[in-house]
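Peer 1: There's a structure below that I have some questions on.
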Amino acid sequence: DLFPMGSELPYRLDFFDDEIDSLRVFDVDSQRTLEEVEAINLLPAHEFPTDKAAIELFRSQWRDTFEVKRDPEHIYQQVSKGTLPAGIEYWQPLFFSEPLPPLFSYFPANTLLVNTGDLETSAERFQADTLARFENRGVDPMRPLLPPQSLWLRVDELFSELKNWPRVQLKTEHLPTKAANANLGFQKLPDLAVQAQQKAPLDALRKFLETFDGPVVFSVESEGRREALGELLARIKI
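The working numbering numbers the first residue of the sequence shown as 190 and each following residue consecutively.
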């Protein structure tokens with residue numbers, strides 16, 4: 190079984206001797222095969238280069254930034270041997286000769302951002318947490334930390350970037366009538382989760398559909414999930 194980074198579902202490889210006999214996508218929960226595939230596309234294990242040149246750049250920039258310890262468990266020594274320890278992403282800037290570009294630089298020109306919840310409060314909390322972590326743990330000689338600003342945007346930088354993109358802010362409360370506001374006339378769904386341990390796991394959904402007179406749309410992530418959902422809904426004759 191293989192669940193590579195970037196894949197929505199895991200793959201099951203069956204071998205005949207030393208040759209691959211079949212490639213199948215399967216459901217994690219039920220372990221059932223969803224479909225057969227001809228090939229698997231694997232993404233790199235890391236978001237930064239790990240070749241010889243990148244390792245040497247890391248070593249050089251580490252020496253310019255931190256002290257080098259001879260302990261074989263030291264981050265510097267591990268990376269020098271080609272071993273990338275857990276959490277190496279926190280030293281990602283050392284693998285590049287230029288500062289990390291913001292995520293926004295990868296967005297297509299026609300991107301529309303949709304905000305849910307209180308983005309500013311969440312960003313401020315995240316900034317405070319990363320700063321506290323840096324102040325509390327940054328002095329560990331075995332795992333010294335880079336300053337937060339080398340890894341993440343500050344709150345003011347984040348919102349400066351956001352101003353360059355069209356945005357939709359979703360709210361649950363009714364908004365006053367304004368040019369920029371639109372009330373969509375929706376209501377929150379009751380809890381319709383499948384109760385797998387019950388005799389009638391779809392009972393909440395069935396009762397809701399019996400009393401709701403509007404159209405109902407089920408949305409899934411893939412063809413395989415659609416097939417699995419179809420089998421599930423067939424139990425209540427949908």
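C-beta: ideal position from N, C-alpha, C; glycine also.
For LEU342, collect the residues of the same chain with a Cβ closer than 8 Å to its Cβ; drop the 5 residues on either side in sequence, then sort them by chain order.
Peer 2: Counting only Cβ-Cβ distances below 8 Å, and skipping sequence neighbours, we find PRO291 and GLU350.
Peer 1: Can you pull the DSSP bridge partners for PHE357?
Peer 2: In the sequence under discussion, the amino acid at residue 357 is Val, which differs from the Phe named in the question. BP columns for VAL357 point to VAL303.
Peer 1: Check whether the Cβ of PHE348 lies closer than 7 Å to any heavy atom of the ligand SAH, and answer yes or no.
Peer 2: With respect to the ligand SAH, the structure offers nothing, as it holds no ligand at all.
Peer 1: For GLU287, which of helix, strand or coil comes out of DSSP?
Peer 2: Coil.
Peer 1: Apply the 10 Å Cβ neighbour rule to PRO337 and answer buried if 16 or more other Cβ atoms are within range, or exposed otherwise.
Peer 2: PRO337 comes out buried.
Peer 1: Could you give the distance in angstroms between the alpha-carbon of ASP380 and the alpha-carbon of VAL357?
Peer 2: Each residue's Cα considered, the two are about 26 Å apart.
Peer 1: Would you say the stretch 229-241 touches the stretch 268-279, given that touching needs at least three Cβ pairs under 8 Å?
Peer 2: They touch, by the three-pair rule.
Peer 1: Measure the C-alpha to C-alpha separation of ARG248 and VAL257 and round it to an integer number of angstroms.
Peer 2: Roughly 9 Å separates the two Cα atoms.
Peer 1: Spatial neighbours of ARG415 within its chain, please: CB distance less than 7 Å, with the 5 preceding and 5 following residues excluded, ordered by chain position.
Peer 2: Around ARG415: VAL409.
Peer 1: So, are the CB atoms of ASN372 and LEU378 less than 8 Å apart?
Peer 2: The answer is no: Cβ separation not under 8 Å.
Peer 1: Checking the sheet assignment: what are the DSSP bridge partners for ASP203?
Peer 2: According to DSSP, ASP203 bridges with SER211.
Peer 1: Can you tell which of GLU346, THR300 and TRP280 has its C-alpha closest to the C-alpha of LEU334?
Peer 2: Measuring from the Cα of LEU334, the nearest candidate turns out to be TRP280.
Peer 1: From which residue to which residue does the alpha helix (DSSP H) around GLU309 run?
Peer 2: From DSSP, the alpha helix (DSSP H) with GLU309 extends over 308-326.
Peer 1: Measuring straight from C-alpha to C-alpha, what distance separates SER411 and LEU198?
Peer 2: Taking the straight line joining both Cα atoms gives about 9 Å.
Peer 1: What residues in its chain sit with their C-beta under 8 Å from that of ILE209, if we drop five residues either side in the sequence?
Peer 2: Within the same chain, ILE209 has close Cβ partners LEU202 and ASP203.
Peer 1: Throw me the rounded Cβ distance for the GLN250 and LEU289 pair, which I believe falls under 8 Å.
Peer 2: Actually they do not touch by this definition, with Cβ atoms about 13 Å apart.
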